[in-house]
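See structure below.
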Amino acid sequence: FVLTEGNPRWEHTNLTYRIENYTPDLPRAVVDHTIEKAFQLWSNVSPLTFTKVFKGQADIMISFVWRDHGDNSPFYGPGGNLAHAFQPGPGIGGDVHFDEEERWTNDFTDYNLYHVAAHELGHSLGLSHSSYIGSLMYPTYIFSGDVQLFQDDIDGIQAIYGPSKNPIQPIGPQTPRVCDSKLTFDAITTLRGEVMFFKDRFYMRVNSFYPETELDLIAVFWPVVANGLEAAYEFAERDEVRLFKGHKYWAVRGYDVLPGYPRDIYRSFGFPRSVKNIDAAVFEEDTGKTYFFVGNKYWRYDEYKRSMDAGYPKLIADGFPGIGNKVDAVFQKDGFFHFFHKTRQYKFDPKTKRILTLQKANSWFNC
Amino acid sequence: FPAATSEIQGQDVEMVKKYLENYYNLNSDEKKTKKTRENIAMVEKLKQMQKFFGLKVTGKPNAETLNVMKQARCGVPDVAE
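Protein sequence lines correspond, in order, to chains A and B.
Under our numbering, think of the first position of the first sequence as 4, with each following residue one higher.
Under our numbering, think of the first position of the second sequence as 20, with each following residue one higher.
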């Protein structure tokens, strides 16, 4: 996190705010509720309180404005610069200006007001931009479905105002560190010759052009499935990657989420309703079969007949001896299955049904 | 230094300059400087921006740098005024 130069802060913790005008893009009640939620994110993790006032000068004045609006920082029309805010202080200090030429929404479409408001209020309270890709105080707009403070943001606001009075100190999600030996994965898939590892809201990607492992928000590619993925596999014949979360799944091709998704795993693959989610999945090119791992069992699905093979589910311990009873993630590379469970990775030969190597889960990241 | 700007075309040069002025204090330090000095400043500010976003620090506005500059963002500068 970065504190604003000179460490400006509010000397009183019971702050007031006023919404001076409203965007026509959303119902007033939605704007009121959105702004209130944005303040709550910060009051939940600090001793600050925010009270809405309806006339006169508040500490934080919020308005929707156009182009040159008299503060020496004009907006330039749609896109680019979405909003700005001023550091704590009298007068314009703390104020937030939204560019009215943007389209303000309360869903995935550009631009989500809750996400931008929560970010700008960070500035109103004394924070500057963080270079941590997952932090709310990261400067570029990447909406990943939910709006939450990252540990980086919480550490920042508490560095200025101290901890919240809540008995249980809230902690935010952390940005994964690729060389953390305790790193585990939610899902892994190949994608057009590369391998993508998923963890929380992030993907990690190794490719031959860069020695560094690329880490970014899943939302950069697919905002609609931006966090909490549980399984993923590539059906290379159709250049599709299928992403699973709960009993739903999406099919993506490159950046595009294919139309008609999400679908459910029951109708598409024939799973019984007792299956609530998929732990891991992998498509075996040689046989055209996809293996789905659920708890200590696995299913085999024929992609060409589009039906589950008879005699399933079977026990993982029987079908893939030595890899244990649970799979977090799996992908196929050069004919071998790479199984991941917690921090362990098993390289498995499906032909001989033998484990070839046992490695750390993050062995792909040149640590 | 000329390479820093001759590799990209017209409006991108303008965009790079505007971005660095808005978010990395280009020109507010170097008011009324000579062309050469402005290029040096531009390269330095570009490196600062590339470092902030975890891009390859080249001082040149390559494709991935331009891509970040085109993304919607907050209007507050990334570095202290």
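Note that the Cβ used here is the ideal one computed from N, Cα and C, for glycine as well.
Nearest by alpha-carbon distance to residue i: which of the options is it?
| i | options | result |
| --- | --- | --- |
| aspartate 282/A | Asp305/A, Lys251/A, Ile157/A | Lys251/A |
| alanine 229/A | Asp219/A, Glu237/A, Phe238/A | Asp219/A |
| glutamate 287/A | Ser277/A, Phe238/A, Tyr264/A, Arg270/A | Phe238/A |
| asparagine 115/A | Glu100/B, Val87/B, Ala91/B, Leu74/B | Ala91/B |
| proline 324/A | Tyr307/A, Lys300/A, Asp305/A, Glu240/A | Lys300/A |
| valine 260/A | Pro27/A, Leu246/A, Ser271/A, Ile268/A | Leu246/A |
| leucine 130/A | Trp107/A, Gln177/A, Gly96/A | Gly96/A |
| glutamate 217/A | Lys58/A, Trp107/A, Cys182/A, Trp13/A | Cys182/A |
| proline 170/A | Phe339/A, Asp305/A, Asn47/A | Asn47/A |
| lysine 75/B | Thr290/A, Gly291/A, Phe212/A, Asp289/A | Phe212/A |
| glutamate 103/A | Gly80/A, Pro93/A, Leu124/A | Gly80/A |
| serine 310/A | Ile319/A, Lys292/A, Leu318/A, Gly322/A | Lys292/A |
| leucine 6/A | Ile22/A, Asp35/A, Asp158/A | Asp158/A |
| glutamine 90/A | His100/A, Arg204/A, Glu306/A, Gly83/A | His100/A |
| glycine 231/A | Asp203/A, Arg208/A, Asp312/A, Glu240/A | Asp203/A |
Rounded to the nearest angstrom, how far is the Cβ of residue i from that of residue j, given a contact under 8 Å?
| i | j | result |
| --- | --- | --- |
| tyrosine 25/A | phenylalanine 67/A | 7 Å |
| proline 316/A | valine 297/A | 7 Å |
| alanine 235/A | valine 227/A | Incorrect: roughly 14 Å between the Cβ atoms, too far for contact. |
| isoleucine 268/A | valine 278/A | 7 Å |
Does residue i come within less than 7 Å of chain A when only Cβ atoms are used?
| i | result |
| --- | --- |
| valine 32/B | no |
| asparagine 94/B | Position check: residue 94/B holds glycine in this sequence, whereas asparagine was assumed. For glycine 94/B, the answer is yes, since a Cβ of chain A falls inside 7 Å of its Cβ. |
| alanine 82/B | no |
| glutamine 67/B | no |
| alanine 99/B | yes |
| alanine 91/B | yes |
| phenylalanine 20/B | Its pLDDT being 28, under 50, phenylalanine 20/B is placed unreliably by the model, and nothing is read from it. |
| asparagine 86/B | no |
Rounding to the nearest angstrom, what Cα-Cα distance links residue i and residue j in this structure?
| i | j | result |
| --- | --- | --- |
| leucine 45/B | alanine 60/B | 7 Å |
| cysteine 93/B | phenylalanine 71/B | 15 Å |
| proline 80/B | tyrosine 42/B | 15 Å |
| tryptophan 302/A | phenylalanine 201/A | 22 Å |
| glycine 149/A | threonine 355/A | Reading the sequence as shown, one finds aspartate at residue 149/A and not glycine. Cα-Cα distance, rounded: 44 Å. |
| glycine 273/A | glycine 196/A | 29 Å |
| leucine 359/A | isoleucine 145/A | 40 Å |
| cysteine 370/A | threonine 187/A | 15 Å |
| proline 50/A | arginine 270/A | 50 Å |
| glutamate 215/A | proline 179/A | 14 Å |
| proline 353/A | phenylalanine 295/A | 15 Å |
| arginine 321/A | alanine 284/A | At residue 321/A the sequence reads aspartate, which differs from the arginine that was named. About 17 Å. |
| glutamate 224/A | proline 265/A | Note on identity: in this sequence residue 224/A is phenylalanine, with glutamate being the wrong assignment. Whole-angstrom Cα-Cα distance: 16 Å. |
| glutamine 60/A | valine 35/B | 38 Å |
| tryptophan 69/A | aspartate 35/A | 20 Å |
| lysine 50/B | histidine 122/A | Reliability of the predicted coordinates at lysine 50/B is poor, the pLDDT of 49 falling under 50, and the value obtained from them is presented with this limitation in mind. So the alpha carbons of these two residues sit roughly 31 Å apart. |
Look at residue i and residue j and say whether their C-beta atoms are less than 7 Å apart.
| i | j | result |
| --- | --- | --- |
| alanine 162/A | isoleucine 38/A | no |
| asparagine 280/A | glycine 314/A | no |
| isoleucine 221/A | tyrosine 206/A | yes |
| histidine 341/A | aspartate 331/A | no |
| serine 127/A | alanine 86/A | no |
| arginine 106/A | aspartate 156/A | no |
| valine 95/B | glycine 78/B | no |
| glutamine 154/A | glutamine 177/A | yes |
| aspartate 62/A | threonine 108/A | no |
Shorter than 7 Å from the beta carbon of residue i to some beta carbon of chain B?
| i | result |
| --- | --- |
| tyrosine 144/A | yes |
| glycine 82/A | yes |
| histidine 118/A | no |
| lysine 350/A | no |
| histidine 417/A | This structure cannot speak to residue 417/A, because chain A is shown only from 4 to 370. |
| histidine 122/A | yes |
| serine 147/A | no |
| glutamate 8/A | yes |
Please decide whether residue i counts as near chain E, where near means a Cβ-Cβ distance under 7 Å.
| i | result |
| --- | --- |
| leucine 85/A | This model lacks chain E altogether; the protein chains it does include are A and B. |
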